[in-house]
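Inspection log for the structure reproduced underneath, given as structure tokens.
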Amino acid sequence: MLDTAPAVRKAPGRRTSGRARPRRRPRFGPYLLIAPTVAVIAVLMFWPMIQIGIMSFQKVGNRQLRGEPAESVGTENFEKIFNDPFFWQTLRHTVLFAVVAVSLTLVVGTLVGLLLNKLGKRMSSFVAGGVMVAWATPPVTAAIIFSWLFGTTGGLVNWCLDLLPDFLVGGGWNDYNWFATPLSTYTVLTVCVVWQACPFVAVSVLAGLKSVPGELYEAARVDGSGPWRTFWSLTYPMLKPIFLVLVVMSIIWDFKVFTQLFIMAGMANRDAFNLSLYGYSEAFGSLNPKLGMGSAIALVLTLILLVVTALYVRVMVRQGETR
Amino acid sequence: MRRLPRKLLLNGTGLLVFVIAVFPVFWMASTAFKPNTEIFSTTPKPLPSHPTLEHFDLVLNGGIAEVSFWEYFRNSAILALVTVLVSGLLSLMAAVAVARFRFRFRTTFLIMLLVVQMVPCEALVIPLFLDLKQLDLLNSLAGLVIVYIGFAVPFAIWMLRGFVAAVPRELEEAAAIDGAGPVRTFFRVMLPLVAPGLVATSIFSFITAWNEFIFAFTFLDDQTKYTLPIMLQFFFGRSGNAWGPIMAASTLLTIPVIAFFLIVQRRMVSGLTAGAVKG
């Protein structure tokens with residue numbers, strides 16, 4: 001929920017021209033105002049990021065936790081992970097999941113946003129209220145609820161699938177264990193994550209749609225443009241800036257999804273690991289913590305996300321959000 | 324004649340979306356009130372036919388963990404409130420700076436805020452664990468709340484600065500002409516006008532801290548320090564099939580947040596979308 005920022009886009013009534021107001025240029029004022037924030041961010045984010053970089057070239061285990069100095073191991077941690085097929089498997093899981101979850105989130109979220117825009121005022125806020133419920137649900141709870149829905153004993157999904165005719169879905173669903181294979185685990189994870197992420201996309205799209213002048217749609221209708229065509233040649237270009245931001249943010253969220261997978265797969269089910277769970281389990285998963293290895297994996301993840309973040313920052317700067 | 328079926332179709336789809344969105348939460352709450360025989364019944368029913376409070380009783384009056392539910396509740400509430408207060412103060416200060424003053428490094432500061440919002444906390448948990456250990460703040464709510472503040476502030480500033488910028492400068496100038504000093508102007512003019520923005524931002528910070536899992540899970544060792552999500556996960560991991568109490572505990576954790584969220588929903592959406600995407 002922290003990362004919902006970009007929906008807050010332009011400030012209402014923000015001044016367009018920066019008329020010079022010399023009186024409003026005190027020397028230290030603004031610096032004093034941002035100083036605490038800068039300090040907090042430096043200590044809690046920048047310094048730890050540097051530490052990850054340092055530790056990924058070190059061996060940090062139980063002895064170092066007791067206070068002994070860390071020994072440098074050069075690029076050993078990276079050689080280990082890059083030569084390990086398991087690392088590539090977790091990377092594959094991470095990327096595939098992100099591709100599927102991001103696409104589904106955006107398509108479904110956009111459709112819901114379009115629907116909200118079409119509905120009458122009262123119906124629209126009723127449905128929006130319902131959609132918000134999914135958004136506000138804590139990730140831990142969401143993961144537990146979906147584990148229960150897809151559970152083996154008393155699980156609703158298996159019960160429903162079993163009711164369907166066998167030629168449609170096959171038989172024997174009643175004791176099907178969704179958490180036995182990575183593919184089925186990720187299926188449940190995708191449903192859970194998409195369910196929670198759609199509302200944000202829907203609300204952002206709705207906000208964007210509200211700002212598109214109605215006359216344009218009127219004109220499109222008069223020209224005989226169907227809904228499909230209207231979307232691609234009118235709505236999409238108008239909302240392109242929002243879509244860009246939503247895509248980038250969804251990629252970032254889904255790349256690092258942790259809590260839900262942790263609850264569903266747990267640390268024992270290594271087959272289903274993604275990058276962030278793999279890094280975490282190396283660092284904290286056993287009695288023999290390998291914080292150096294964990295840092296190396298975390299560094300890989302961070303670097304991937306930094307590339308995506310760079311794209312995001314570029315979009316925001318282009319849109320004048322940092323002016 | 325053609326309008327009616329179209330309208331019906333739209334509203335029908337709307338209802339369907341509503342049901343899908345709400346269903347998992349409804350199913351959780353409904354399960355929490357079902358006796359065990361109904362929970363594991365071979366034909367699940369949407370509503371409990373013999374509603375019971377036994378699972379809630381078990382969760383609230385001990386029996387599921389060594390520590391009482393209310394202690395976890397208190398820990399979660401303290402963390403969330405302190406996060407809201409401190410991050411609210413820091414972000415209001417910074418939001419005023421970026422919305423009202425032009426200064427060197429202003430753009431750098433804004434870009435920094437964007438970047439740190441994207442930093443994966445899943446990666447930072449390793450160094451932060453070591454840092455807190457060194458400071459002897461591991462396994463304490465104080466250590467945890469510092470981290471929460473750090474992660475709440477960048478977003479809060481980003482959200483608040485729009486609200487600050489929306490306050491007409493003319494009002495402040497008028498107050499200044501009337502002889503009010505900067506402090507008085509701030510409390511009399513600025514604060515009341517950005518209050519809705521502060522509320523919206525606070526809700527976000529509150530929910531973030533309330534829902535947070537990975538830091539609490541990693542940093543807290545001592546059961547008496549656990550937060551609600553950790554208690555829930557712990558309980559879930561230990562007793563795989565006690566779905567009744569698990570759902571009761573989930574309901575107790577979730578319903579307050581959802582209620583809170585829905586009460587301020589309109590304000591929040593307007594905050595989120597305030598002037599969004601104009602051109």
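Chains as they are written, first to last, in the working numbering: chain G, 1 to 323; chain W, 324 to 602. Where is the CB? At the ideal position from N, CA and C, for every residue including glycine.
With fewer than three CB-CB distances shorter than 8 Å, the stretch 487-506 of chain W does not count as touching the stretch 529-536 of chain W.
Residue-level contact check: LYS118 of chain G touches chain W, since one or more beta carbons of chain W fall below 8 Å from its beta carbon. One thing to note: PRO367 of chain W has its Cβ within 8 Å of the Cβ of GLY154 of chain G. With respect to THR105 of chain G, ALA197 of chain G sits close: the two C-beta atoms are nearer than 8 Å. Less than 8 Å divides the Cβ of PRO443 of chain W from the Cβ of LEU301 of chain G. With 16 or more other CB atoms across the displayed protein chains lying within 10 angstroms of its CB, ASP254 of chain G is buried. For the options W:PRO552, W:GLY335, W:PHE363, the alpha carbon positioned closest to that of TRP148 of chain G is the one of W:PHE363. At least one C-beta of chain G is nearer than 8 Å to the C-beta of SER364 of chain W. When secondary structure is reduced to three states using DSSP, LYS80 of chain G falls in the helix class. Between the stretch 472-491 of chain W and the stretch 414-432 of chain W there are three or more C-beta pairs closer than 8 Å, enough to call the two in contact. Following the DSSP letters along the chain, one finds THR230 of chain G inside the alpha helix (DSSP H) bounded by residues 227-230.
Shown here, LYS59 of chain G sits in a strand according to DSSP, grouped into three states. The three-state secondary structure of GLU71 of chain G, taken from DSSP, is strand. For THR190 of chain G, the enclosing alpha helix (DSSP H) has its first and last residue at 182-210. Taking 8 Å as the threshold, the shortest C-beta distance from GLU445 of chain W to chain G falls below it.
Taking the beta carbon of PRO30 of chain G as reference, the chain W residues within 7 Å of it are ALA420, PHE424, PHE426, listed in sequence order.
In this structure, DSSP gives ASP459 of chain W a state outside helix and strand, which the three-state scheme calls coil.
Judged by beta-carbon spacing, LEU453 of chain W lies beyond the 8 Å limit of PHE542 of chain W, meaning their Cβ atoms are not closer than that value. Collapsing the DSSP output to three states places GLY335 of chain W in a helix. A distance below 8 Å separates the beta carbons of THR90 of chain G and TYR278 of chain G. With respect to the 8 Å criterion, ALA518 of chain W and ALA422 of chain W are not classified as neighbours on the basis of their beta carbons. Per DSSP, the continuous alpha helix (DSSP H) segment holding THR577 of chain W begins and ends at 566-586. One alpha carbon belongs to LEU383 of chain W, the other to ALA344 of chain W, and they sit about 28 Å apart. If the five residues before and after VAL390 of chain W are omitted, its C-beta is found closer than 6 Å to the C-beta atoms of GLN546, THR547, all from its own chain and listed in chain order. Under the three-state reduction of DSSP, SER372 of chain W is assigned to coil, being neither helix nor strand. When secondary structure is reduced to three states using DSSP, ALA101 of chain G falls in the helix class. SER399 of chain W counts as buried, since at least 16 other C-beta atoms from the protein chains shown sit within 10 angstroms of its C-beta.
Using a Cβ distance threshold of 8 Å, LEU115 of chain G and VAL340 of chain W count as a contacting pair. When the beta-carbon positions are compared, LEU246 of chain G and VAL201 of chain G come within less than 8 Å of each other.
Within chain G, the residues whose beta carbon sits less than 7 Å from that of PHE536 of chain W are PRO139, VAL140, THR259, listed in sequence order.
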